[in-house]
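Presented below is the structure to which this report refers.
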Amino acid sequence: MSMGIMRMDTQAPLTVLLVDDDEATRLLLADAVSGMAEIIEADCGETALRQARSYRPDLILLDISMPDLSGIEVCEILKADPEFEHPVVIFITANESEVIETQALGAGGVDYLTKPINVKNCRLKVKNHLQQSAQVKQVKLEHQALTSMISSLPVQVTYWTRDWVNKYSNDPEGAWFGHSAMEMAGRSIDDLLPPRLARLLRRFATQKAGSAPQISYLHNGSERHLQVNFVNTTPVTGIQGYLLTLIDITSLKRTERELRLQNENYNVTLNVIGDGVISINTDGRVTYMNPIAERLTGISSVAAYGLPIEEVFVLHNGLTGDRIDSPELLALENLCVNYLSSNSQLAGHDGNVYPIEGSAATVTDTDGRITGAVIVFRDLSDTVAISDKMDYLAYHDQLTGLPNRVQLQQRLEDAIAFAQASGLKTALILIDLDNFKYINDSLGYTQGNSLIKQVADRLKKLNESRATLSRIGGDEFAMVIPYIDDISQVERMAVNIHKQMETPFKLTEGECGLSVSMGISIAAEDTTDEEDLMRLADVAMYRAKYEGRGRHCFFSNQLEEALLSRHAIEQLIRTTVKNQSFEVHYQAKFSLWEYRIVGVEALVRMRDSSGRLIPPCEFIPVAEELNLIEQLGEQVLKTACSDADKWLPDHPEVPVAVNVSASQLKRTDFVDRVMAILGQSSLPPEMLELEVTESALMQNIETAQQIIEALHNQGIVIALDDFGTGYSSLTYLQRFNIDVLKIDQSFIQRMGDNNDSLAIVKNVISLGKSLNLRVCPEGIETQDQLKELIRLGCEMGQGYLFCRPIPIDEFIRFMDDVKNYSESAGNLYFI
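Letter by letter, the sequence shown follows residues 0 to 830 in numbering that gives the first Met the number 0.
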């Protein structure tokens with residue numbers, strides 16, 4: 000049973016708990032209490048305890064005699080609970096003895112009722128006690144609201160006795176001085192506040208009540224400012240003490256100080272600012288000048304005060320010399336910002352002239368009325384000087400002081416235009432220092448720069464008055480020679496440049512020899528476009544380097560054709576690698592003793608747009624220069640392993656050999672890449688042969704040795720390609736785990752008429768046998784070569800005599816034909 004009533008005087012709900020093991024009694028009590036409070040019931044002591052703790056009733060009507068716990072025991076338990084807000088308890092008893100009454104009151108009851116219940120009497124008692132509870136609750140609520148309000152004030156409120164012992168604080172968390180209100184209660188001010196603050200508060204307490212002094216002290220290492228208000232409570236309460244309020248005005252003080260400093264800074268700024276400042280009144284007379292304005296105008300602020308602005312601030316146009324109207328007067332006249340015209344110059348009273356920039360504007364007071372004008376202007380002398388310097392640097396090399404590429408371009412345009420108009424020629428000589436990078440890396444940049452400057456100095460000695468010598472790159476110079484009627488003039492200049500370089504250059508580390516390579520192009524003979532002229536000279540220069548360095552070369556049409564061909568191959572290689580459209584052709588390796596294929600070499604091929612096969616010697620070196628050889632090699636390896644899957648079922652004894660580049664051998668993950676490609680096919684590792692050159696192994700011996708060893712451990716066969724053309728060291732043969740030696744075709748083709756080549760072939764075959772290595776000569780093209788190799792004991796070889804490199808489909812048919820023919824003819828020998 001539950002009913003809810005809100006008391007109007009407290010505006011808070013009241014609750015009554017009825018506890019009796021007799022249901023009839025509870026019904027009677029509920030009827031008596033009805034309409035005055037929310038009713039909660041319990042039929043035993045344990046239930047009463049649970050209900051009391053859950054609902055916190057304002058009044059409990061509690062039966063003394065119950066089977067589990069008596070009413071007195073329930074009351075004592077509730078009173079002993081520190082978290083329980085004790086309600087008013089009225090005991091109910093059927094015994095009217097004084098002993099029971101004494102026990103009930105002693106247990107904490109405020110009254111008792113006797114059975115049978117007198118409803119009217121019961122209702123009166125409940126009403127009276129509920130009114131008292133409501134009043135108590137209202138007082139508590141108001142006290143809590145007041146306490147919360149005071150605690151939330153941004154002011155500390157404390158009350159102290161005459162002896163400065165704390166009785167109250169509105170700082171429950173101790174935010175002000177690190178002591179909560181509970182910790183402050185009953186303690187002396189000397190124990191709670193900083194010593195200086197406590198001492199000052201005691202002193203100010205003797206002053207007139209209500210005074211608001213300001214106090215400052217150190218708080219956590221920084222200054223804190225407080226405003227203090229005292230109220231002597233004796234006249235009001237009759238109790239001697241102090242009501243003290245503290246307001247933190249630190250932020251206010253900081254703001255005041257910042258404003259004061261700001262005003263001071265404004266004055267200091269105007270005095271030390273790098274710009275000149277002059278103000279005038281509405282009559283156009285000077286009222287203020289800062290020190291910079293005094294220096295630039297050549298007149299002191301005292302002498303200028305009150306003078307017309309046009310007498311103090313004298314402006315002229317730097318280009319025409321004409322007088323310029325005062326910008327401040329124009330600002331007053333037009334009521335807008337007025338900017339100084341370009342090329343403005345200030346004529347100082349001391350005779351100095353300064354290029355300046357600036358602007359003038361009107362000045363208004365707080366009411367918006369114009370009180371005058373001010374001009375702010377700046378001396379541009381340094382800016383102009385820097386601009387001139389920047390212009391110089393924009394057109395000159397910083398290290399040598401020579402014209403740079405930008406100025407060279409302009410001079411070249413002018414010279415070509417003159418050549419076209421006059422019928423004379425203009426020559427461009429590009430000069431490149433040979434091997435300068437190695438000199439720079441070995442001796443250091445300081446020595447390198449010194450060498451560059453000495454080269455520039457020597458070239459300047461040769462430079463004609465009409466010619467232009469410039470530095471256009473780290474180790475590149477260019478010379479433009481106009482007005483040429485005989486090309487021999489250019490030849491003589493090139494020869495003289497070589498002679499200038501013959502004498503060693505002196506550096507702190509010693510002497511240094513240096514040669515140059517030069518490329519020469521002629522306008523209007525080769526071209527009439529400056530960019531083409533540079534490009535053609537560059538082509539000629541690289542031809543000079545290619546021919547051995549330390550020489551010069553004139554551009555020709557043949558060089559242009561070679562350049563275009565090289566460019567076409569570069570583009571074709573990039574496209575072919577990107578599209579993975581390289582072809583792999585296959586050349587068989589034959590047993591020299593019988594007509595049987597014992598191996599296959601995969602050879603990469605590339606076609607141009609017309610379908611023509613381009614020789615490998617033309618595109619392989621270019622792929623290496625373009626750093627595309629790794630991608631190319633990996634594509635060939637994937638294709639070869641995939642194609643080998645096609646012939647292995649019918650020719651399980653025929654392995655495939657693939658060439659490996661030097662850059663592939665430098666990769667630490669090369670072994671993993673090879674094994675991953677093998678994993679994508681069904682080719683066993685022992686059926687794959689990787690051919691490496693001696694030069695590739697020598698580039699990084701330690702890394703190459705580790706890679707070769709790892710490949711060999713996987714079962715992959717390793718062949719040393721072009722043996723005899725490189726180091727051919729027995730030490731390296733022992734160091735690397737090699738299985739096959741391949742004799743370069745140049746020795747095979749010359750061994751018929753060159754005893755040295757024959758001796759090399761013979762020794763390599765003998766070396767292979769002694770080291771238990773297989774030997775495979777390349778380039779066998781004639782029967783005489785074959786017979787000689789068989790005579791020398793060579794067991795296998797490859798060349799056009801047996802088979803040219805052919806596409807996979809054609810090669811598989813060739814393998815089948817060889818196998819079928821060999822089986823039908825029995826043991827067939829080449830000789």
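Ideal Cβ positions, reconstructed from N, Cα and C, are used throughout, including at glycine.
Asked	Found
Span separating the alpha-carbon of Arg-294 from that of Asp-274	11 Å
Bridge partner(s) assigned by DSSP for Cys-775	Lys-741
Close Cβ partners of Val-670 (< 8 Å) along its chain, the five nearest in sequence each way excluded	Ile-706, Ala-709, Leu-710 and Gln-713
DSSP state of Ile-91 mapped onto helix, strand, coil	strand
Reduced DSSP secondary structure (H/G/I, E/B, other) of Met-750	coil
Closest residue to Leu-245 among Ile-214, Asn-231 and Ile-451 (Cα-Cα distance)	Ile-214
Span of the alpha helix (DSSP H), counted from its first residue to its last, around Cys-616	615–624
Candidates Asp-531, Pro-615, Val-635 and Ala-197: closest to Gln-408 by CA position	Asp-531
Burial state of Cys-616, where buried means 16 or more other Cβ atoms lie within 10 Å	exposed
Three CB pairs or more closer than 8 Å across the segment 600–609 and the segment 627–646	yes
Residue environment, Tyr-444, which counts as buried when at least 16 other CB atoms sit within 10 Å	exposed
Through-space distance from His-551 to Met-853, alpha-carbon basis	Limits of the chain in this structure are 0 at one end and 830 at the other, which puts residue 853 out of reach.
Contact belief for Val-479 with Arg-410 at Cβ below 8 Å, rounded distance in angstroms	5 Å
Short Cβ contact (8 Å threshold) for Lys-124 with Ile-89	yes
Three-way DSSP call (helix, strand, coil) for Tyr-54 in this model	helix
Where the alpha helix (DSSP H) containing Trp-592 begins and where it ends	That residue, Trp-592, is in no alpha helix (DSSP H); it is neither H nor E in DSSP.
Whole-angstrom distance between Asn-219 and Val-373, CA atom to CA atom	47 Å
Extent of the continuous alpha helix (DSSP H) to which Asp-30 belongs	22–32
Unbroken beta strand (DSSP E) run spanning Ser-343, endpoints	343–346
Nearest-angstrom Cα separation, counted from Leu-591 out to Pro-503	59 Å
Buried or exposed (CB count within 10 angstroms, at least 16 for buried), Met-181	exposed
Assigned secondary structure, Ala-587 (DSSP; H/G/I helix, E/B strand, else coil)	strand
Sequence-distant residues of its chain with Cβ nearer than 7 Å to Arg-6 (five each side left out)	Because the pLDDT of Arg-6 is 38, which lies under 50, any placement of that residue in the model is unreliable, and the number read from its coordinates should be weighed accordingly. Here the set comprises Leu-13 and Ala-133.
Whole-angstrom distance between Gln-663 and Leu-636, CA atom to CA atom	12 Å
Beta-bridge pairing of Phe-553 - partner residues as DSSP gives them	Ile-519
Whole-angstrom distance between Arg-542 and Met-814, CA atom to CA atom	46 Å
Asp-431 in three-state terms, based on DSSP	strand
Where the beta strand (DSSP E) through Tyr-353 begins and ends	352–363
Cβ-Cβ distance between Val-32 and Val-18 below 8 Å	no
Cβ neighbours of Ser-380 in the same chain (closer than 7 Å, five flanking residues each side left out)	Tyr-353 and Pro-354
Any non-hydrogen atom of the ligand FMN within 7 Å of Val-362 CB	This structure does not include the ligand FMN; it has no bound ligands of any sort.
Nearest candidate by alpha-carbon position, reference Leu-788, set Ile-430, Lys-818 and Gln-744	Gln-744
Nearest-angstrom beta carbon gap, Val-515 and Ile-430 [assumed within contact, 8 Å]	5 Å
Per-residue DSSP class, three states only, for Cys-511	strand
Beta-carbon proximity check, Phe-476 vs Leu-458, cutoff 8 Å	yes
Pairwise C-alpha distance: Ser-168 and Val-156	6 Å
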